[in-house]
Structures are given as structure tokens and as C-alpha cells.
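K.L.:
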Amino acid sequence: MFWEVLKGFSFENQKKFLKFVTGCSRGPLLGFKYLEPALCIQRAGGAASDEALDRLPTSATCMNLLKLPPYTSKEQLETKLLYAINADAGFDLS
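One gets the numbering used here by counting positions in the sequence shown from 1 and adding 804 to each.
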């Protein structure tokens with residue numbers, strides 16, 4: 805579900821996603837094979853409770869880590885991820 809959502813993003817939103825997770829809006833010069841540390845997606849929170857589903861995705865750019873709450877639909881994932889990457893909150897959403 806996550807990769808479907810990301811593939812559906814515009815090029816600009818894909819760049820914003822990359823910056824949100826890695827701190828850089830461009831991939832490594834020789835390709836993502838050389839991204840250190842490798843991009844990692846981690847489930848944030850426990851079960852899919854109402855409180856967990858209201859949370860936004862967060863990231864740890866020094867570790868190239870995306871922390872995703874357990875969203876139950878593609879639409880919810882897309883909405884929350886777009887909000888997070890366009891918020892320009894910097895460390896506020898880390």
C-alpha cells in the first residue's frame with residue numbers, strides 16, 4: 805500500500821517525501837543502492853486505534869527512517885503523508 809501511494813505522488817511530492825525522510829531532496833548520485841543508511845520504514849505506535857490513526861507520519865533524517873502509524877486505508881495514508889511532507893515543520897514532526 806505504501807509504495808502504491810508513493811508512486812502516485814507527483815514528482816514534486818516525491819522530492820518532498822525524500823527530503824522529509826532523508827533531509828535531502830535528491831537521491832544519491834550513484835543511485836539509492838548507495839544511500840547510507842538504507843531507507844527504512846517502521847511502524848509507529850501499536851494497534852490501529854483511533855488515537856494512532858490520527859497521528860501523522862514522522863521521520864528521523866539522520867537514520868533515513870520513516871515512522872508510519874498503522875493506517876487502515878490507502879486514502880488515509882496518502883492524506884496523512886501529504887500533510888506531513890508539505891507541512892515544512894522540520895524538527896517539529898520528527
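No residue lacks a Cβ here, since even glycine has one placed at the ideal position from N, Cα and C. Fair warning: this is a prediction, and the values are worked out from it, not measured in the lab.
Which same chain residues end up closer than 7 Å to Lys871 when comparing Cβ atoms and leaving out the 5 residues on each side of it in sequence?
P.N.:
Hits under 7 Å: Gln846, Ala848, Pro861, Thr862, Ser863.
K.L.:
Of the residues Ser829, Met805, Val825, Phe806, which one's Cα is nearest the Cα of Phe815?
P.N.:
The shortest Cα separation from Phe815 among Ser829, Met805, Val825, Phe806 belongs to Ser829.
K.L.:
With distances taken Cα to Cα, identify the nearest neighbour of Ile889 among Lys811, Gln818, Trp807, Leu869.
P.N.:
Among Lys811, Gln818, Trp807, Leu869, the Cα nearest to that of Ile889 belongs to Gln818.
K.L.:
Looking at the unbroken alpha helix (DSSP H) that takes in Val810, where does it start and where does it end?
P.N.:
For clarity, residue 810 is Leu in the given sequence; the question names Val instead. Run containing Leu810: 806–812, per the alpha helix (DSSP H) assignment.
K.L.:
Can you give me the start and stop residues for the alpha helix (DSSP H) that Thr876 sits inside?
P.N.:
That residue, Thr876, is in no alpha helix (DSSP H); it is neither H nor E in DSSP.
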